[in-house]
Each structure stands twice: as C-alpha cells, then as structure tokens.
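Novice: With the working numbering, you'll find the sequence shown wraps up at 589, consecutive numbering, no jumps.
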Amino acid sequence: MNNSQAENGFVERFFNIKKHGSTKRQEVIGGVTTFLTMAYIIFVNPSILGEAGMDKGALFTVTCVAALIGTLLAALWARVPFAMAPGMGLNAFFTYALVLGRGLPWETALGIVFISGITFILLTVLGVREKIVNAIPLSLRLATSAGIGLFITFIGFKNMGLVVSNPATLVGLGHLGTPTIIALLGLIFIVVLEVMKVRGGILIGIIVMTIVGMGMGEVALPSEIVSLPPSMSPIAFKLDIMSALDLAFIAPIFSFMFVDLFDSVGTIVACSYEAKMVDEKGNIPKIGRILEADSLATVIGSVLGTSTTTTYIESASGIAQGARTGLASVVTAALFAIALLFAPIVTIVPAFATAPALVMVGIYMFKNIKDIEFGDLVEGAPAFLTIILMPLTYSISNGLTFGFLSYLIIALCSGQIKRVSKVMWVIGLLSAINLYIAALA
Numbered sequence: 149m150n151n152s153q154a155e156n157g158f159v160e161r162f163f164n165i166k167k168h169g170s171t172k173r174q175e176v177i178g179g180v181t182t183f184l185t186m187a188y189i190i191f192v193n194p195s196i197l198g199e200a201g202m203d204k205g206a207l208f209t210v211t212c213v214a215a216l217i218g219t220l221l222a223a224l225w226a227r228v229p230f231a232m233a234p235g236m237g238l239n240a241f242f243t244y245a246l247v248l249g250r251g252l253p254w255e256t257a258l259g260i261v262f263i264s265g266i267t268f269i270l271l272t273v274l275g276v277r278e279k280i281v282n283a284i285p286l287s288l289r290l291a292t293s294a295g296i297g298l299f300i301t302f303i304g305f306k307n308m309g310l311v312v313s314n315p316a317t318l319v320g321l322g323h324l325g326t327p328t329i330i331a332l333l334g335l336i337f338i339v340v341l342e343v344m345k346v347r348g349g350i351l352i353g354i355i356v357m358t359i360v361g362m363g364m365g366e367v368a369l370p371s372e373i374v375s376l377p378p379s380m381s382p383i384a385f386k387l388d389i390m391s392a393l394d395l396a397f398i399a400p401i402f403s404f405m406f407v408d409l410f411d412s413v414g415t416i417v418a419c420s421y422e423a424k425m426v427d428e429k430g431n432i433p434k435i436g437r438i439l440e441a442d443s444l445a446t447v448i449g450s451v452l453g454t455s456t457t458t459t460y461i462e463s464a465s466g467i468a469q470g471a472r473t474g475l476a477s478v479v480t481a482a483l484f485a486i487a488l489l490f491a492p493i494v495t496i497v498p499a500f501a502t503a504p505a506l507v508m509v510g511i512y513m514f515k516n517i518k519d520i521e522f523g524d525l526v527e528g529a530p531a532f533l534t535i536i537l538m539p540l541t542y543s544i545s546n547g548l549t550f551g552f553l554s555y556l557i558i559a560l561c562s563g564q565i566k567r568v569s570k571v572m573w574v575i576g577l578l579s580a581i582n583l584y585i586a587a588l589a
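1. Rounded to the nearest angstrom, what separates S98 and I565 at their Cα positions?
2. Indicate the three-state DSSP secondary structure (helix, strand or coil) for N164 in the structure shown.
3. Tell me whether V311 sits in a helix, a strand or coil according to DSSP, three-state version.
4. With DSSP as the reference, label A418 as helix, strand or coil.
5. Does the distance from the C-beta atom of P377 to that of A206 stay below 7 Å?
6. Leaving out five residues on either side along the sequence, give the residues of the same chain with a beta carbon under 7 Å from the beta carbon of N239.
7. With three or more C-beta pairs closer than 8 Å as the rule, is the segment 497-508 touching the segment 350-358?
8. Applying the 10 Å Cβ sphere with the 16-neighbour rule, what's the burial state of N282?
9. Going by DSSP, which residues form a beta bridge with L321?
10. Where do the N-terminal and C-terminal ends of the alpha helix (DSSP H) with A559 fall, by residue?
11. Within the same chain, show all residues whose beta-carbon is closer than 6 Å to that of N546, passing over the 5 residues directly before and after it, in chain order.
12. For the beta strand (DSSP E) that T459 lies in, which residues bound it at each end?
13. Pull the bridge partners of M232 from the DSSP assignment, please.
14. Residue range of the alpha helix (DSSP H) that V497 falls in?
15. Under DSSP, the alpha helix (DSSP H) around T473 begins and ends at which residues?
16. Buried or exposed for N307, going by 16 or more other Cβ atoms inside 10 Å?
17. Run through DSSP, which three-state label would L220 get?
18. Considering only residues of the same chain and omitting the five flanking positions on each side of M390, which have a CB-CB separation below 6 Å?
19. Please confirm if the segment 300-315 is in contact with the segment 325-345, defined as three or more CB-CB distances below 8 Å between the two stretches.
20. Can you tell me the Cβ-Cβ gap for I401 and I535, rounded? I've got them flagged as a contact below 8 Å.
21. In three-state DSSP terms, what is F522?
22. In terms of residue numbering, what span does the alpha helix (DSSP H) encompassing I564 cover?
In structure tokens form, the structure reads like this:
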C-alpha cells in the first residue's frame with residue numbers, strides 16, 4: 149500500500165464518509181461552497197471591530213485564524229460539516245453597545261467575551277445549555293434573531309451614509325454621495341445574486357463594490373496582491389479579564405451568552421436536520437461535541453482578539469451540496485488559511501462595500517418573524533418590544549432585558565403564570581439586575 153492509499157484509508161475511517169452516504173468529491177465541493185457563502189466575514193468583521201479602535205490589519209488575521217481554529221474543532225472534534233467564525237450581531241454588540249456605547253476599552257470587552265465563553269463551556273459540560281434555550285418561549289427566541297437583524301441593518305445603513313443623526317428627529321436621510329449610491333446599487337446587486345442563488349453572492353457584491361469604488365476614485369489601489377498576513381500582536385492576548393469581572397458587566401456577559409445560545413443551538417439543529425444527523429427520535433447524537441467545539445472556539449477567539457465565535461448557518465449551503473462529514477469543514481478551514489495571504493486586498497475594502505452585507509444578513513435574520521404569534525399578546529407584545537428596542541436603544545442587551553421582563557410581568561398579571569418555566573424566572577431575575585445596574589450607570 150502506497151502513502152496515498154494509506155492517507156485515503158485514514159481519511160475514510162476517521163470521517164466515515166461512505167457510512168454517511170457521501171464521497172470525498174462531495175465533501176470538497178461542500179467545503180468550498182460553505183467558504184464562499186461565509187467569506188464575507190473576512191471583510192465585515194475587521195470593519196465592525198475596527199470601529200472599536202482595534203487594529204484592522206490584525207483583525208483580518210485574527211478573523212481568519214479564529215474561523216480556521218473553530219472550523220477545525222468542528223471538523224476534528226465533532227466531525228461535522230459545520231463552519232465557525234466570529235458571529236454577526238455579536239461583533240456589532242461588542243463594538244456599538246460595549247465599546248462605543250458604554251465607553252469600555254476593547255480589552256475589557258474581550259475579557260467579557262472570554263468569561264461568556266467559559267460560561268458556555270460550563271453550561272455545556274453540565275448539560276444545561278439546551279435546557280436554558282428550551283425554557284425561553286419560541287416567540288422570544290425568534291424575536292431575538294429578528295431584533296439583531298434590525299440592529300445590524302441599522303448599522304449597515306449608517307455605514308452607507310444613508311442614515312445619519314438629526315438633532316430634530318434623532319435620525320434622518322444622509323447625503324446621497326458617491327459612496328452611498330455605490331452601496332445602494334451594491335445592495336440591490338447582492339439581493340439579485342441571492343435571488344438567483346449564486347454561490348458567494350454577498351462576497352461577490354463586496355468585491356464588485358470595491359472595484360467600482362476604485363474606478364470612481366473612492367478606494368485606493370492595493371500596493372500588492374499577496375503578502376504575509378499582518379501580525380496579530382496589536383490585539384492578541386490583550387484581553388483584560390480582571391476588569392471584566394466587575395459586577396456591572398453581568399448583563400453584557402449574559403447577553404453574549406443568550407445570543408450565542410440561540411444562535412448556535414438554532415444553527416446546529418437546522419444544519420443537523422439538513423445533513424440527516426438526527427436519530428429516529430429527532431435527537432442529535434453529536435450535539436454535545438458540537439456545543440463543546442463552539443464554546444471552546446469562543447474562548448480561543450477572545451484570547452486572539454475577536455468577539456464571540458459561533459457556528460455559521462451558511463454551513464447549510466455546503467450541506468445542500470452533499471457535505472456530510474468533518475472533511476468538508478477541513479476544506480473550509482484550509483481556504484481560510486489560504487485567505488490569510490490576501491491581506492493587501494482585504495484591508496482596502498471600504499465601509500460602504502461591507503455595509504450592504506450587513507443589510508443582507510439582517511434580512512436573513514429578520515425573515516423568521518413570520519412565525520411569531522403576535523395575536524397572542526402574552527408572547528407577541530414582549531417579542532415586539534425585544535425586536536424594536538434593540539435598534540432604538542442601540543443595544544441587544546436592552547432588547548433582551550425588556551423582552552424577558554415584559555413576558556414575565558404580562559404572564560403574571562394576566563393569569564398565565566403556568567406558561568412560565570422555573571428557569572425563565574431565573575432569567576427574569578438576571579434581567580431585572582441588568583435593568584437596575586443600567587439605571588445606576
């Protein structure tokens with residue numbers, strides 16, 4: 149047996165490719181497809197976290213490395229065709245609610261992410277992570293996703309220059325200059341690509357807008373195409389855990405926890421069903437390992453210098469192409485490694501080119517609002533408050549707090565207390581503490 153045959157045999161045995169009804173070709177195609185659909189994060193994450201005062205070059209490298217490590221954890225530990233990277237919405241919360249909103253140093257914000265990651269691991273090991281999610285009404289879970297969608301859409305319009313501050317009305321229509329027009333046309337272009345189901349539509353849109361910006365003199369040409377990646381040293385290992393242990397940061401820690409709980413568990417369930425990784429009772433045998441990989445990726449990412457790393461729903465695109473094992477995730481991770489060499493191109497991408505990507509992701513996050521029963525006001529009213537207060541208060545944490553508390557109060561006062569689980573009362577108590585701390589600030 150030659151080396152090639154031995155390697156192929158090992159890969160087959162390790163991932164059980166045939167047992168899962170797949171082939172190496174399907175896995176490679178699936179891994180490439182997943183990368184193309186989520187590669188926009190390479191451009192968008194440095195753009196968002198860069199506004200927190202972090203070095204954008206280092207952020208590019210850290211984003212790729214965090215995605216590489218997280219995806220390899222999914223590939224080699226959980227052996228599933230899932231990819232991980234810094235989560236959308238969570239990076240916005242990091243920058244706009246913690247650093248710019250509260251005035252925290254980004255080092256302290258990274259410490260908060262680290263603590264939330266350790267909390268994820270403990271909850272996963274104790275087996276209560278799923279129980280917490282299940283204790284929260286479906287309407288509030290759906291509202292959380294929709295509210296974050298509105299929140300990052302608002303940020304996207306702001307970065308386009310389409311929405312600006314107005315002293316009379318708080319917000320107003322901005323000047324329709326060249327960058328804003330390019331962004332609006334780019335948004336339409338991305339939507340059309342998505343309608344036509346073009347793989348990597350968001351990524352293609354970002355690239356096209358950047359090229360158009362170059363032609364219009366709005367973007368400088370890169371000095372080179374390929375180079376060694378920028379050093380991570382400006383942000384890596386700079387987290388401030390001790391400052392993050394302040395009791396005033398309980399709310400942000402639990403906000404990261406709640407959002408990642410909904411995001412990761414929802415994504416894992418959806419992708420597992422798509423990949424037929426459920427048993428006859430509807431259980432997901434590998435969910436423990438997947439959650440462990442997700443939790444550990446968050447901790448590692450915070451140490452390297454990025455916001456919460458989570459499982460990406462874009463993994464479903466690779467699964468749709470036939471990916472069924474961790475081999476697909478190995479391919480996706482390898483492409484993130486290759487992307488590290490193209491820093492000169494990525495670092496010139498302007499905010500107006502990444503802003504439409506935020507809006508597109510916001511649209512996807514908002515679409516499940518149709519499943520909320522607004523006619524049942526016990527759940528509909530709190531869901532509405534959750535959704536609307538996230539963008540209006542510029543805080544995911546505030547939206548969650550008012551959503552949880554209003555649900556408990558309405559259920560109690562309307563005689564619907566039986567609908568509230570014991571775990572939900574604990575969550576409500578934490579929400580009340582958050583509101584009290586915020587009122588004192």
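For each residue, glycine too, the CB sits at the ideal point set by N, CA and C.
Specialist: This is what the structure holds:
1. The structure shown does not extend to residue 98, since the chain is modelled only from 149 to 589, so the question has no answer here.
2. Counting from one through the sequence shown, the residue named residue 164 turns up at place 16. N164: coil per DSSP, three-state reduction.
3. By 1-based counting over the sequence shown, the position of residue 311 is 163. It is a strand residue.
4. As a working note, residue 418 is residue 270 in the sequence shown. A418 falls in the helix class under three-state DSSP.
5. Mapped onto the sequence shown, residue 377 falls at position 229. Mapped onto the sequence shown, residue 206 falls at position 58. No, these two residues do not count as a Cβ contact at 7 Å.
6. Stepping through the sequence shown from its first residue, residue 239 is reached at position 91. Correct list, in chain order: N193, I196, L197, S455.
7. yes
8. The count along the sequence shown starts at 1 and reaches residue 282 at position 134. Per the 10 Å Cβ criterion, exposed.
9. Translated into the one-based positions of the sequence shown, residue 321 becomes position 173. DSSP output for L321 lists V311 as bridge partner(s).
10. In the sequence shown, the residue the question calls residue 559 occupies position 411. Start and end: 544-561.
11. As a working mapping, residue 546 is identified with position 398 in the sequence shown. So the list reads L537, once near-sequence residues are dropped.
12. Translated into positions along the sequence shown, residue 459 becomes position 311. First-last of the beta strand (DSSP E) with T459: 457-459.
13. For the purposes of this step, residue 232 is taken as residue 84 along the sequence shown, with counting starting at 1. Per DSSP, T459.
14. Locating residue 497 in the sequence shown gives position 349, counting from the first residue. Premise fails: V497 is in no alpha helix (DSSP H) and is neither H nor E.
15. Within the sequence shown, numbered from 1, the residue matching residue 473 stands at position 325. Per DSSP, T473 belongs to no alpha helix (DSSP H) and is neither H nor E.
16. Here residue 307 corresponds to residue number 159 of the sequence shown, with the count starting at 1. Buried is the call here.
17. Walking along the sequence shown from the start, residue 220 turns up at place 72. Residue state, collapsed to three classes: helix.
18. For this step, residue 390 is matched to residue 242 along the sequence shown. Cβ within range, chain order: n/a, list empty.
19. yes
20. Stepping through the sequence shown from its first residue, residue 401 is reached at position 253. Stepping through the sequence shown from its first residue, residue 535 is reached at position 387. So it is not a contact: roughly 23 Å between Cβ atoms.
21. For this step, residue 522 is matched to residue 374 along the sequence shown. The answer is coil: DSSP assigns F522 none of H, G, I, E or B.
22. Here residue 564 refers to the residue found at position 416 when the sequence shown is read from its first residue. Ile is not the amino acid found at residue 564; the sequence shown has Gln there. Q564 -> no alpha helix (DSSP H), and no H or E assigned at all.
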